[in-house]
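A short worksheet on the structure shown next.
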Amino acid sequence: MSRRNQTFVCQNCGAASARWQGKCEACGEWNSMVEEGDGLAGLGGVAGRPAGPGRAPRKGRSFALQPLTGETHEAPRLPSGLAELDRVTGGGFVRGSVLLMAGDPGIGKSTLLIQAAGALARGGHRAVYISGEEAVAQVRLRAERLGLSDAKVELAAETSVEDIVATLSEGKTPRLVIIDSIQTMWTDAIDSAPGTVTQVRGSAQALIRFAKSCGTAVILVGHVTKDGQIAGPRVVEHMVDAVVSFEGDTGHHFRILRAVKNRFGPTDEIGVFEMTDHGLAEVPNPSELFLASRDHGTAGTAVFAGMEGTRPVLVEIQALVAPTSLGTPRRAVVGWDPSRLSMVLAVLEAHGGLKLGMHDVYLNVAGGLRISEPAADLAAAAALVSSLSGAPLPADTVYFGEVGLSGAIRPVAQTPARLKEAAKLGFPNAVAPNARGDKGERPIPGAASIGHIADLVAGIAAAGRPRPMPVQRRREG
Ligand code: TYD
Ligand code: MG
Numbered sequence: 001m002s003r004r005n006q007t008f009v010c011q012n013c014g015a016a017s018a019r020w021q022g023k024c025e026a027c028g029e030w031n032s033m034v035e036e037g038d039g040l041a042g043l044g045g046v047a048g049r050p051a052g053p054g055r056a057p058r059k060g061r062s063f064a065l066q067p068l069t070g071e072t073h074e075a076p077r078l079p080s081g082l083a084e085l086d087r088v089t090g091g092g093f094v095r096g097s098v099l100l101m102a103g104d105p106g107i108g109k110s111t112l113l114i115q116a117a118g119a120l121a122r123g124g125h126r127a128v129y130i131s132g133e134e135a136v137a138q139v140r141l142r143a144e145r146l147g148l149s150d151a152k153v154e155l156a157a158e159t160s161v162e163d164i165v166a167t168l169s170e171g172k173t174p175r176l177v178i179i180d181s182i183q184t185m186w187t188d189a190i191d192s193a194p195g196t197v198t199q200v201r202g203s204a205q206a207l208i209r210f211a212k213s214c215g216t217a218v219i220l221v222g223h224v225t226k227d228g229q230i231a232g233p234r235v236v237e238h239m240v241d242a243v244v245s246f247e248g249d250t251g252h253h254f255r256i257l258r259a260v261k262n263r264f265g266p267t268d269e270i271g272v273f274e275m276t277d278h279g280l281a282e283v284p285n286p287s288e289l290f291l292a293s294r295d296h297g298t299a300g301t302a303v304f305a306g307m308e309g310t311r312p313v314l315v316e317i318q319a320l321v322a323p324t325s326l327g328t329p330r331r332a333v334v335g336w337d338p339s340r341l342s343m344v345l346a347v348l349e350a351h352g353g354l355k356l357g358m359h360d361v362y363l364n365v366a367g368g369l370r371i372s373e374p375a376a377d378l379a380a381a382a383a384l385v386s387s388l389s390g391a392p393l394p395a396d397t398v399y400f401g402e403v404g405l406s407g408a409i410r411p412v413a414q415t416p417a418r419l420k421e422a423a424k425l426g427f428p429n430a431v432a433p434n435a436r437g438d439k440g441e442r443p444i445p446g447a448a449s450i451g452h453i454a455d456l457v458a459g460i461a462a463a464g465r466p467r468p469m470p471v472q473r474r475r476e477g
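Counting from 1, one number per residue, gives the positions in the sequence shown under the numbering used here.
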């Protein structure tokens, strides 16, 4: 009698191996190999349909190939009724598609999704919410708190994928199915414990098959590990049509929804929500919210006119530069890339004539937003210089521009949109590179053109210097 194949699967990356190992060879994680199933895992076999030795190989069937040109259809969308959510998905859930929503525990995934399900149900669509984590009564309690008791959302607390698919295939096909969460689901086809990589992958596959065959939009909730990865196999990210991540720190009320992958829409749009006593409220104008608690007239803060997708967003960048008491000065950043901070500091030293080697530097993006645009360089530099000099920046001015290693300030895209948003929110002035329209002809009123980091340092120092700056001798050229 032949022994069934044992497979050990890394719970971090999903790599499979025939023997147990203390360290995964694929991702280097220790103690992550767990024995799973019998040869289903990864090694070419499709979960639920083992390609084992007992099966006769099937003869292939030929099919017709299609030309590239031909009839195309716009993906049929199902608007969720929450404008900020629709902005991120690109206009609503796509029928027959699967979306993975990832986020830290307690961030508000279940809240957002029950709100979306409620809004769809009120619009007359069949929406089903399957919870594998909470009892029906708990979900009801939350819906009551959100004022959704009258919405005809169908609820269940189930974890068996076969039972779920069988139930949903009966009667009228649901338009939206929410699975909260994929880590709690399990399928009979695989005999490893729920939550393991193989189970998560197998369950996701079965649900994706259901979505494609019935034209239902399926949303999978996914947990995130301590270091921000989607728990379980990364492969689920590759299997689904869209991945959105729900971010924000629990100390703030703001929550940001960001598309990480989207087969049917953009990935650079963000949706902004505020967690209130009655669930998540949409924030159509995030700039107002991010600037709401701004300190006027304090040194070390600069307002950055950024872009998130097609939407301009104004946000305050705060810096604190203080003499260090340690041998090695500290550099700490929240909401921005630490290596960009190091670069801006180096440029300020080399080309702005500042001495920062004996100073601790802290930088924070207010409101819990995370900025990835290089255009924030100039605003960060302005906040740093302002903190070092003790000279507050003018309260009605925004900053944006990319700082090059030579100290040159380089132009960034969408200057007019940034300036327009700034003017709308009471910032008539801007310090920016090449402050001209995108066509390049006419300077934009109110925008002071800046070409070099040394001009920024000189400008802030000239505006008032309550505390003498530790300035190096300016290098010429
Ligand atoms: P939840 O949606 O359960 O988070 P997740 O599914 O991502 O784990 O949200 C939990 C948090 O949200 C909890 O700490 C309480 C808070 N909350 C509110 O502040 N207001 C509300 O109306 C609701 C429903 C939750
Ligand atoms: Mg939840």
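Note that the Cβ used here is the ideal one computed from N, Cα and C, for glycine as well.
Alpha carbon of residue i to alpha carbon of residue j, nearest angstrom
i	j	result
residue 307	residue 103	23 Å
residue 79	residue 276	23 Å
residue 21	residue 6	13 Å
residue 88	residue 397	30 Å
residue 378	residue 271	25 Å
residue 260	residue 284	21 Å
residue 375	residue 462	24 Å
residue 117	residue 453	51 Å
residue 544	residue 194	A question about residue 544 goes unanswered here, because the residues of the chain that appear run from 1 up to 477.
residue 438	residue 373	Low per-residue confidence applies at residue 438: pLDDT is 49, beneath 50, and the placement is therefore not dependable, though the value from the model is reported in the following sentence. Cα to Cα, the separation comes out at about 18 Å.
residue 429	residue 93	40 Å
residue 380	residue 269	23 Å
residue 139	residue 167	19 Å
residue 345	residue 85	37 Å
residue 349	residue 342	11 Å
residue 282	residue 224	23 Å
residue 329	residue 354	15 Å
residue 418	residue 410	15 Å
residue 413	residue 65	42 Å
residue 219	residue 112	12 Å
residue 479	residue 304	As displayed, the chain neither begins before 1 nor continues past 477, which places residue 479 out of reach and without an answer.
Extent of the continuous beta strand (DSSP E) run through residue i
i	result
residue 114	Not the beta strand (DSSP E): residue 114 falls in the alpha helix (DSSP H), residues 109-122.
residue 276	270-276
residue 137	Careful: residue 137 lies outside any beta strand (DSSP E), inside the alpha helix (DSSP H) at 136-145.
residue 180	176-180
residue 254	254-262
residue 222	217-223
residue 156	154-157
residue 185	Careful: residue 185 lies outside any beta strand (DSSP E) and carries neither H nor E.
residue 100	98-103
residue 331	331-334
residue 131	127-131
residue 280	279-282
Close Cβ partners of residue i (< 6 Å) along its chain, the five nearest in sequence each way excluded
i	result
residue 222	100, 102, 182 and 230
residue 334	364
residue 199	186, 190 and 192
residue 289	283
residue 46	Here the model assigns residue 46 a pLDDT of 42, short of 50, so the residue's position is not dependable and the matter cannot be decided.
residue 23	30
Same chain, Cβ closer than 8 Å to residue i, neighbours up to 5 away in sequence not counted
i	result
residue 460	382, 385, 386, 389, 391 and 393
residue 287	312, 313, 314, 315, 421 and 425
residue 395	296 and 297
residue 26	10, 13 and 15
Cβ neighbours of residue i in the same chain (closer than 7 Å, five flanking residues each side left out)
i	result
residue 300	318, 319, 320, 383, 386 and 387
residue 49	Confidence at residue 49 is low in this model, with a pLDDT of 47, below 50, so the placement of that residue should be treated as unreliable; the coordinate-derived value is given next. Contacts found: none.
residue 175	78, 120, 125, 126, 127, 216 and 217
residue 360	322, 324, 329 and 330
residue 34	8, 9, 11 and 196
Those residues which DSSP pairs with residue i across a bridge
i	result
residue 30	23
residue 449	432
residue 323	359
residue 10	33
residue 307	312
residue 408	452
residue 318	301 and 364
Any non-hydrogen atom of the ligand GDP within 8 Å of residue i CB
i	result
residue 109	Ligands present in the displayed structure are limited to the ligand TYD and the ligand MG, and the ligand GDP is not among them.
N-terminal and C-terminal residue of the alpha helix (DSSP H) that residue i is part of
i	result
residue 95	Element bounds for residue 95: n/a, residue is neither H nor E.
residue 247	It is not in any alpha helix (DSSP H) - residue 247 instead sits in the beta strand (DSSP E) that spans 242-247.
residue 397	Counting along the chain, residue 397 falls outside any alpha helix (DSSP H), though it belongs to the beta strand (DSSP E) covering 397-399.
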